[in-house]
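Participant: One structure, as structure tokens, below. Some questions next.
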Amino acid sequence: MFVQIFITLLCVPNLWALDDGLALTPPMGWLSWGRFACQTDCVKYPKSCINEQLFKEMADRIVTDGYKELGYEYVNIDDCWDEMERDANHRLVADKKRFPNGIKSVADYVHSKGLKLGIYGDVGNLTCQKYPGSNNHTKGGKDFYDLDAQTITDWGVDSFKVDGCWEEPRDFDVLYPKMGKALNATGHKMLFICEWPFYQYVWRSINPDYDAITKTCHVFRTYNDLADSWASIESIIKYYGDYNDLFIKHNGPGHWSDPDALTIGNWGLSWEQSRSQMAMWSMWSSPLYISTDLRKIKPEFKAILQNKALIAVNQDKHGIMAKRMLTEDCIYDHTGICRQVWVKQVEPVVDGEWSYVVAYFNNEHFGDAIYMSYKVSQLIPAAKKALIAVNQDKHGIMAKRMLTENCTYEAGVCRQVWVKQVEPVVDGEWSYVVAYLNKEHFGDAIYMSYKVSQLIPAAKK
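Positions -17 to -1, 1 to 444 (mature numbering (1 follows the signal peptide of the UniProt record, and there is no 0)) are the ones given, in order, by the sequence shown.
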């Protein structure tokens, strides 16, 4: 269920995309690296090594466990899938022991499930784990961008993640477009995932050319690899807050900034932390790539990954990244921002007025729950223009008083929260208007803290 307020559209920059019809909403799928990394010992670790059986079993789970119907469609092979050397014709070759039937066989299996296959390479001479990359540093040698693009196309691959290890990031402004051109030349639509801005900014303090990046890549990593830890997620949320305006400008249909995979269901995150990751990734319109063992995931973590409301927020067709509207510093444990309110513009648009999703994030490490008080006009500056419409709703359903709080200085009820059910009705779910009344006769402004579920009991759905 969405709690919606209908107001005038905020100013949002025009977005433009690769003109190939791919990734018009953030891609969704499964990725091996975060959980299985580069485990190649299939004798000692038969159920977690990088081999063809792993990817077939993950494809099975995506279908049978309900992920596919929610939009998860890519099965992505990461590093360590191939032989350490190219063949006599310089073509990439899948590891003969771990992928005895080759990548085309895996692609065919994945396609038979109605899913898509992704694979991994590197714009440099070697991948991060020192398997063959597409550049060729041999003196006088020809690079392999065109050959690799055609090879994975022949195998039926649908997505190509291209890393940037062992290469000078200053050269990425040439090398990534070169790979993109090679992929386009095959005539096969290939989702292109780049690590271009991450290496330039983090390794060389270069300000990436996001105009060029969004013309080349459907998905682009922006910051450090995500570890299976809350500290890692904290750092990414901070980074996306610090550079929020930049990413809003360059995030949208056909080109999505990537904060890395969802590690929900592994060992490093609590249930609440997992909910926070899913919520923030959804608010940012980020790609949703699960990286856990779908055969072992606990039901409570699976439910987070399959939260239909958050997926709908993430997949809104306009792809407008949430804006951080309010912040509040930490109290107890460290300097910096702990509490944040993010606002995301979404459909439905009714009479020219947008809907909004609001997320509150509290990163305080100690103490009980801490809330922020704010006015709607602080989150959505144009909110004042919506007040006239509330009284004109055609259903005429009277507001219900949902919460009360006694006066501080005199007897009786002083503070009240009223909720009114209004149009539009979207997929059987109503919209709501919330009003706060404080009739305290003395003192400064006093606010109430509440959960949405207290105001709209069905919101948990």
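Ideal Cβ placement from N, Cα and C applies to all residues, glycine included.
(1) Can you tell me whether residue 452 is buried or exposed, with buried defined as 16 or more other CB within 10 angstroms of its CB?
(2) What's the call for Y57, buried or exposed, on a 16-neighbour Cβ count within 10 Å?
(3) Give the straight-line distance between the Cα atoms of V93 and K39, rounded to the nearest whole angstrom.
(4) Going along the chain, which residues of its own chain have a beta-carbon closer than 7 angstroms to the beta-carbon of S259, five neighbours each way excluded?
(5) Counting Cβ pairs closer than 8 angstroms, one from the stretch 282 to 289 and one from the stretch 309 to 316, do we hit at least three?
(6) Do you know how far the Cα of V396 is from the Cα of A214?
(7) When we look at the beta-carbon of W250 and count the other beta-carbons within 10 Å, is it buried (16 or more) or exposed?
(8) Answer with buried or exposed for V26, where buried requires no fewer than 16 other C-beta atoms within 10 angstroms of its C-beta.
(9) Considering Cα atoms alone, identify which of I102, D91, C321 and G302 is closest to G350.
(10) Compute the Euclidean distance between the alpha carbons of H424 and E388, then round it to the nearest angstrom.
(11) For A195 and Y128, I'd like the C-alpha separation in whole angstroms.
(12) Rounded to whole angstroms, what's the CA-CA distance from G139 to A90? Just pull it up for me.
(13) For Y392, count neighbouring C-beta atoms within 10 Å of its own C-beta (all shown protein chains included) and say buried if the count is 16 or more, exposed if not.
(14) Say the cut is 7 angstroms; is the CB of P9 nearer than that to a heavy atom of the ligand COA?
(15) With a Cβ-Cβ cutoff of 8 angstroms, do H201 and G237 count as a contact?
(16) Going by alpha carbons, who is nearest to M261 out of L245, D276 and S253?
(17) With a threshold of 6 angstroms on Cβ separation, who are the neighbours of Y28 within its own chain once the five nearest residues in sequence on each side are excluded?
(18) Take the Cβ of N(-4) as the centre, count every other Cβ of all protein chains shown within 10 Å, and call the residue buried at 16 or more, exposed below.
(19) Are S117 and M162 touching if we call contact CB-CB under 8 angstroms?
(20) Is it buried or exposed, C63, if we count other Cβ atoms within 10 angstroms and call 16 or more buried?
(21) How big is the Cα-Cα spacing for I33 and N297?
(22) Given that a residue counts as buried once 16 or more other Cβ atoms are within 10 Å of its Cβ, and exposed if not, what is H233?
(23) Residues in its own chain within less than 7 angstroms of Y114 by CB, not counting five upstream and five downstream?
(24) Taking all protein chains shown into account, decide if S432 is buried (16 or more other Cβ within 10 angstroms of its Cβ) or exposed.
(25) Do three or more CB pairs link the stretch 7 to 18 to the stretch 290 to 306 at distances below 8 angstroms?
(26) Along the chain, where does the beta strand (DSSP E) that runs through E311 open and close?
(27) Please state whether the Cβ-Cβ distance between A428 and W401 is less than 8 angstroms.
(28) When you compare the CB positions of K306 and I231, do they come within less than 8 angstroms of one another, or not?
(29) When you compare only the Cα positions, how much space is there between R187 and K144?
(30) Hey, could you find the ends of the beta strand (DSSP E) D146 is sitting in?
(31) Could you check where the beta strand (DSSP E) with M173 kicks off and where it finishes?
(32) Round the Cβ separation of N59 and G101 to the nearest angstrom and send it over; I've been treating them as touching at under 8 angstroms.
(33) Looking only at C-alpha atoms, which of A20, D192, W325 and R398 sits nearest to F181?
(34) Beta carbon of Y357, beta carbon of L309: below 8 angstroms?
(35) Are C148 and Y159 close, meaning C-beta to C-beta below 8 angstroms?
(36) Using only CA atoms, which one of L75, L209, P407 and M263 lies nearest to V332?
Facilitator: For this structure:
(1) The shown model of the chain, from -17 to 444, leaves out residue 452, and the question about it has no answer.
(2) buried
(3) 7 angstroms
(4) F344
(5) no
(6) 43 angstroms
(7) Exposed is the call here.
(8) exposed
(9) C321
(10) Between the alpha carbons of H424 and E388 lies a gap of roughly 14 angstroms.
(11) C-alpha of A195 to C-alpha of Y128: approximately 19 angstroms in a straight line.
(12) 6 angstroms
(13) exposed
(14) This structure lacks the ligand COA; in fact it carries no ligand of any kind.
(15) yes
(16) L245
(17) Once the five neighbours on either side are set aside, the close Cβ partners of Y28 are Q22.
(18) Only weak support exists for where N(-4) lies, its pLDDT of 33 falling under 50; the coordinates are left without a value.
(19) yes
(20) buried
(21) 30 angstroms
(22) buried
(23) D62, C63, D65 and M67
(24) exposed
(25) Three or more beta-carbon pairs drawn from the stretch 7 to 18 and the stretch 290 to 306 are found closer than 8 angstroms, and the two stretches are therefore classed as touching.
(26) In the DSSP assignment, E311 falls within the unbroken beta strand (DSSP E) covering K306 to D312.
(27) no
(28) yes
(29) 21 angstroms
(30) S142 to D146
(31) M173 -> no beta strand (DSSP E), and no H or E assigned at all.
(32) 4 angstroms
(33) D192
(34) yes
(35) no
(36) The shortest C-alpha separation from V332 is found at P407.
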